[in-house]
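Colleague: Would you mind keeping the following structure in view while I ask a few things?
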Amino acid sequence: MANGDSHGAVGADLAPIDPELALIVERWEELPEAVRASILAMVRASGASAEEG
Numbered sequence: 005m006a007n008g009d010s011h012g013a014v015g016a017d018l019a020p021i022d023p024e025l026a027l028i029v030e031r032w033e034e035l036p037e038a039v040r041a042s043i044l045a046m047v048r049a050s051g052a053s054a055e056e057g
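Numbering-wise, our numbering puts 49 at position 45 of the sequence shown, and it's gapless, one number per residue.
See below:
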């Protein structure tokens with residue numbers, strides 16, 4: 005993790021997150037725009053998002 009926390013927590017008061025999700029978050033800025041757009045489209049299409057963009 006970028007913050008050096010080996011437990012996968014994103015903050016002191018937050019629960020650990022899934023390692024695969026942590027990898028996506030860690031590398032998000034490095035991903036090409038098309039890849040980021042594809043990931044967002046898949047999440048939105050799954051109906052799992054509570055936020056409508």
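No residue lacks a Cβ here, since even glycine has one placed at the ideal position from N, Cα and C.
Spatial neighbours of Arg-48 within its chain, please: CB distance less than 6 Å, with the 5 preceding and 5 following residues excluded, ordered by chain position.
Modeller: Within the same chain, Arg-48 has no close Cβ partners at all.
Colleague: By the three-class DSSP mapping on this structure, what secondary structure does Pro-23 have?
Modeller: Correct three-state label for Pro-23: helix.
Colleague: Could you check the C-alpha separation between Arg-40 and Gly-51 for me, to the nearest Å?
Modeller: Rounded to the nearest angstrom, the two C-alpha atoms are 17 Å apart.
Colleague: Could you pull out every residue in the same chain whose Cβ sits closer than 6 Å to the Cβ of Ser-53, ignoring the five residues on either side in sequence?
Modeller: Reliability of the predicted coordinates at Ser-53 is poor, the pLDDT of 46 falling under 50, and the value obtained from them is presented with this limitation in mind. Result list for Ser-53: Val-47, in chain order.
Colleague: According to DSSP, is Leu-44 helix, strand or coil?
Modeller: Correct three-state label for Leu-44: helix.
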